[in-house]
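Asker: Let me begin by handing over the structure; questions about it come next.
Residue numbers (the numbering used here): 235 to 675.
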């Protein structure tokens, strides 16, 4: 155990050194970006070739020797894929084994294991081998809380569980009783989709609870239990998706005394369809509440308040430009000269606040063709799509000649794989394609 601790400490120090170097690089970049006199000269991004080299170095060797064994019964392929993505993002090297192929020999050289099973019975007697391995110093994470059954009842005590209810718990929010998520101990968070996602249960006093349901009778959702010389971390929280990945990453970090992994710890604020043509005429709610036409409301009320929010909270907006709201999907595409004064006014407002501008579309028609359309109006062909973006590029450069447009946000959050490849080839200046984080159906 002492040798293992020294190795862990060595790895952590190496990671911290790497993070320190990265921090210095970022500070240097910011000094270059803003200059010593408060200006904002342009900072060149890495070229694609430089990025490929840097990324190859970052990926090299980290996955050569498996650290974690991922055990699954294959009942939930989507969560298997998510677990693999979390481990990759955390730079945890891992190998996978099915529940039916698991035996004690698969744990050789492994320091942690992650269990994603619908029923512990799929491991058979292997569950005893697994917990014996934990008692000798291994770290086990229960990624999905299994359904009740004889195997779960058999090992419940070793996981710190004294008793379980028959019915699922009603979870309306989450609470962190101890520091667990960075910035997450300040308040409770509402959860609206947690029906039957957790089991009401009672833990023994030796368990360390890191996340629980909010309310008068909290249900333990993430806890750690010492098991001999090792430990088990249990997630009684069967909600999955991008918005919950951070909980699982932080839960995995509890398996060791120290753990470091990269976190961006930043936010991007996009103003969708902005600048864009402002509708003429009245909106009945705006007219009712403000007595203004929509165009006047945008200019006199909404945009000044958005700018005040940006100043108050230190927000830098990324505005994504729409040139026209026509439904044209065939070239040639006419220049929209009807509303360029407002395009320029709103765009200059974003840039003067330190923000940036990106592309959204010539119009708001999703960039899909033929059979890919999924019910949307398809474009006549890929060349028409590219022609529309060339028109948008010319429109933006005429209005904002000194701005580098590096971001593309797909209209309606829809973008076909084929068009994505075409865009990155035809418009190499685009360095980020951004859309909503959580899918909308």
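Just so you know, even glycine gets a beta-carbon here, dropped at the ideal spot from N, CA and C.
Closest to residue 558 by C-alpha separation, out of 544, 523, 639, 598, would be which residue?
Answerer: Ranking 544, 523, 639, 598 by Cα distance to residue 558 puts 598 first.
Asker: When the Cα atoms are used, what is the spatial distance from residue 581 to residue 589?
Answerer: When rounded, the distance between both Cα atoms is 9 Å.
Asker: Can you tell me whether residue 375 is helix, strand or coil according to DSSP?
Answerer: The answer is strand: DSSP assigns residue 375 an E or B state.
Asker: Quick check: what's the CA-CA separation for residue 577 versus residue 512?
Answerer: Whole-angstrom Cα-Cα distance: 9 Å.
Asker: Within 10 angstroms of the Cβ of residue 377, are there 16 or more other Cβ atoms? Answer buried if so, exposed if not.
Answerer: Its Cβ being crowded by 16 or more others within 10 Å, residue 377 is buried.
Asker: I'd like the span of the beta strand (DSSP E) that includes residue 470, first residue to last.
Answerer: From DSSP, residue 470 is part of no beta strand (DSSP E); its letter is neither H nor E.
Asker: Three-state secondary structure (DSSP) at residue 498?
Answerer: In this structure, residue 498 counts as coil in the three-state DSSP scheme.
Asker: Cutting at 7 Å between CB atoms, please list the residues of its own chain near residue 528, excluding the five before and the five after it.
Answerer: Hits under 7 Å: 512, 513, 515, 516, 517, 520.
Asker: Please work out which residues of its chain come closer than 8 Å, Cβ to Cβ, to residue 432, disregarding the five sequence neighbours upstream and downstream, and give them in chain order.
Answerer: The answer, listed in chain order, is 379, 402, 403, 405, 447, 453, 455, 470, 471, 472.
Asker: When the Cβ atoms of the stretch 355-364 are set against those of the stretch 310-317, are three or more pairs found closer than 8 Å?
Answerer: Judged by Cβ distances under 8 Å, the stretch 355-364 makes no contact with the stretch 310-317, as fewer than three pairs qualify.
Asker: Any contact of the stretch 297-309 with the stretch 323-330, i.e. 3+ C-beta pairs under 8 Å?
Answerer: Counting Cβ pairs under 8 Å, three or more are found: they touch.
Asker: Work out the CA separation of residue 637 and residue 533 for me, nearest whole Å.
Answerer: So the two alpha carbons sit approximately 23 Å from each other.
Asker: Taking only three categories from DSSP, how would you classify residue 400?
Answerer: Three-state DSSP puts residue 400 in a strand.
Asker: For chain B, find out if any of its Cβ atoms is closer than 8 Å to the Cβ of residue 533; answer yes or no.
Answerer: Considering every chain present, this structure includes no chain B. It has just one protein chain.
Asker: Quick one: any contact between the stretch 658-670 and the stretch 568-577, if contact means 3 or more CB pairs under 8 Å?
Answerer: No, the stretch 658-670 does not touch the stretch 568-577.
Asker: What are the start and end residues of each continuous beta strand (DSSP E) run of 3 or more residues lying completely inside the stretch 546-582, in chain order?
Answerer: Complete beta strand (DSSP E) runs here, min 3: 551-556.
Asker: Identify which residue in 504, 505, 487 has its Cα closest to the Cα of residue 497.
Answerer: The residue with the shortest Cα to Cα distance from residue 497 is 487.
Asker: Within the same chain, show all residues whose beta-carbon is closer than 6 Å to that of residue 398, passing over the 5 residues directly before and after it, in chain order.
Answerer: Excluding residues within five positions, the ones whose Cβ falls inside 6 Å are 433, 435.
Asker: Please classify residue 464: is it buried, with 16 or more other beta-carbons within 10 angstroms of its beta-carbon, or exposed?
Answerer: It counts as buried.
Asker: For the candidate residues 391, 347, 541, whose alpha-carbon lies nearest to that of residue 333?
Answerer: Measuring from the Cα of residue 333, the nearest candidate turns out to be 347.
Asker: Have a look at 372, 459, 336 and flag the residue whose alpha-carbon is nearest the alpha-carbon of residue 390.
Answerer: The option with the nearest alpha carbon to residue 390 is 459.
Asker: Would you grab the beta carbon distance between residue 657 and residue 623 for me? Rounded to a whole angstrom, and I think it's under 8 Å.
Answerer: So it is a contact: roughly 7 Å between Cβ atoms.
Asker: If you drop the 5 nearest sequence neighbours on each side, which residues of the same chain put their C-beta closer than 7 Å to that of residue 560?
Answerer: These residues qualify, in order along the chain: 597.
Asker: Can you give me the C-alpha to C-alpha distance between residue 481 and residue 372, rounded to a whole angstrom?
Answerer: Between residue 481 and residue 372, the C-alpha separation is close to 21 Å.
Asker: With a cut-off of 8 Å on the beta carbons, I'd call residue 671 and residue 476 a contact; round off their distance for me.
Answerer: That pair is a contact at about 6 Å.
Asker: Among 345, 646, 283, 350, which one has its Cα closest to the Cα of residue 309?
Answerer: Measuring from the Cα of residue 309, the nearest candidate turns out to be 350.
Asker: Rounded to a whole number of angstroms, what is the C-alpha to C-alpha distance between residue 653 and residue 618?
Answerer: Using only the alpha carbons, I get a separation of about 11 Å.
Asker: Pick out whichever of 341, 340, 385 has its Cα sitting closest to the Cα of residue 356.
Answerer: Nearest option by C-alpha distance: 385.
Asker: Going residue by residue through the stretch 382-463, where are the continuous beta strand (DSSP E) segments of at least 3 residues, counting only ones entirely within it?
Answerer: List check, beta strand (DSSP E) in window: 395-402, 407-409, 433-437, 442-447, 454-461.
Asker: Out of 291, 655, 407, 367, which has the shortest C-alpha to C-alpha gap to residue 426?
Answerer: Of 291, 655, 407, 367, the residue nearest in Cα terms is 407.
Asker: Can you tell me whether residue 548 is buried or exposed? The criterion is at least 16 other CB atoms within 10 Å of its CB, across all chains shown.
Answerer: The residue is exposed, with fewer than 16 neighbouring Cβ atoms inside 10 Å.
Asker: Assuming residue 672 is part of the alpha helix (DSSP H), what are its boundary residues?
Answerer: Taken as a continuous stretch (DSSP letters only), residue 672 belongs to no alpha helix (DSSP H), as it is neither H nor E.
Asker: Short of 8 Å in beta carbon distance, which residues of its chain neighbour residue 271, apart from the five on each side in sequence? Order them along the chain.
Answerer: Reliability fails at residue 271, whose pLDDT of 31 lies under 50, so the model's placement of it is uncertain and the value that follows must be treated cautiously. Result list for residue 271: empty, nothing under 8 Å.
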